Amino acid sequence: MTTLPPLPDTAVVLGARADDWRAAVREAGRALTRSGATRSEYADRMIAVIEEFGAYVVIAPGLALAHARPGSDVRREGLAVVTLADAVPFGHPHNDPVRVVIGLAVSNAEEHVASVAKLANAFNDSGSVGRIARATSADEVRALLGAQAALPGPARPVASGPDTAPPDGAGA
Amino acid sequence: MRIVAVCGAGIGTSAILKVNAERALDRLGLTADVSASDLSSIADAAADAQVILTSTELAAAVRQAIGRSFAEIIEVVNYFDVEEIGEKLEASLG
């Protein structure tokens, strides 16, 4: 049984402010990079897909599935969820405006099919997009998508350094 | 019968369309071989397909890419709406 890519807290952004669709996709790109799935150039490629092919990535009312082909800027399979404080038009004739942007990165096409198939299960309920748009925690988003914060497996030591997370209580 | 679901790049959205087309066919009691493709490989993928599923946004590009294929292009609005996909497949296949 395949599973969705992990959705760590760093890959979830709730209530983001985006002036336009590019900013919204870029937010999803930053989340993928923060979680370690992609390099920052992947965001440019997700934007390029929409510039080339149009807003077809808005695959359901209010939901954009931002993605690009596998490439050297994908470090590992990854998923990101961005909810927008104010809905943003992507230029889709029926499904605008977008309230939820899902960022997806995969390293090969077969993986892609399996991952996205799992996403389909989460969204076949027509209320799912609205529930994710209104979610107030990463845990709630994970529950709605059926995603895990990390892949099951042996725990790995957390890297520490000057640029890691702020001390507890900061930004609360 | 062969059905191809098409997206712009990298088999992203077409995978969702494939899964939900299979669900819709199942509900209709029909069987078909449904595959996912992107625009760059649609000409080959569509050669022996009866139906191509894609979004309205990509329909023109798909039509151009498949050239002389006899496949019918069905435009899907909501990729998660199994009912919509089913109605459109039924109208096309029935």
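Quick mapping for you: the protein sequence lines, in order, are chains A and B.
Take the first sequence: its letter number 158 is residue 176 in this note's numbering, and every next letter is one higher.
Take the second sequence: its letter number 58 is residue 170 in this note's numbering, and every next letter is one higher.
No residue lacks a Cβ here, since even glycine has one placed at the ideal position from N, Cα and C.
Small disclaimer: the values here were computed from a predicted structure and weren't measured.
For H112(A), no beta strand (DSSP E) run applies, since DSSP gives it neither H nor E.
Between A173(B) and L201(B), the alpha-carbon positions lie close to 21 angstroms from each other.
Chain-order list of chain B residues neighbouring V106(A): empty, with the shortest C-beta distance near 17 angstroms, by a criterion of under 8 angstroms. The beta carbon of A103(A) is closer than 7 angstroms to those of G33, A34, R35 in its chain, skipping five residues each way along the sequence. A161(A) and L25(A) have their C-alpha atoms some 11 angstroms from each other. Under the DSSP assignment, T125(B) falls in the alpha helix (DSSP H) whose first and last residues are 125-140. Counting along the chain, E184(B) sits inside the beta strand (DSSP E) bounded by residues 184-187. Beta-carbon to beta-carbon, G120(B) and D150(B) are separated by about 7 angstroms, close enough to satisfy the 8 angstroms threshold. Taking the C-beta atoms as reference points, G145(A) is found no nearer than 8 angstroms to L50(A). Relative to the Cα of L163(A), the nearest Cα in the group W39(A), F108(A), L97(A) belongs to L97(A).
With contact defined as three or more Cβ pairs closer than 8 angstroms, the stretch 135-145 of chain B and the stretch 78-96 of chain A are not in contact. Between A66(A) and A148(B), the alpha-carbon positions lie close to 21 angstroms from each other. When C-alpha distances from M113(B) are compared across I154(B), E199(B), I123(B), A159(B), the shortest belongs to A159(B).
A contact between stretches requires three or more CB pairs, one per stretch, nearer than 8 angstroms, and the stretch 127-146 of chain A fails this requirement with the stretch 107-117 of chain A.
Taking each of V99(A), A61(A), T56(A), E59(A) in turn and checking the Cα distance to A153(A), the smallest one comes out for V99(A). For D145(B), the secondary structure class from DSSP, reduced to helix, strand or coil, is strand.
In the structure shown, L83(A) falls within a strand segment according to DSSP collapsed to helix, strand and coil. With respect to D27(A), A151(A) sits apart: the two C-beta atoms are not nearer than 8 angstroms. In terms of beta-carbon proximity, G72(A) lines the interface with chain B, with at least one pair separated by less than 8 angstroms. Spanning the alpha carbons of S133(A) and W39(A) requires a straight line of approximately 24 angstroms. Excluding residues up to 5 positions away in sequence, T20, T21, L22, G164 lie with their Cβ nearer than 8 angstroms to the Cβ of K136(A) in the same chain. Within the same chain, A61 come within 6 angstroms of R44(A) by CB-CB distance, once the 5 residues on both sides are set aside.
Here the C-alpha atom of V124(A) lies approximately 23 angstroms from the C-alpha atom of E134(B). In the three-state reduction of the DSSP assignment, T51(A) falls in the helix class. Annotation: the continuous beta strand (DSSP E) that includes D104(A) extends over 96-106.
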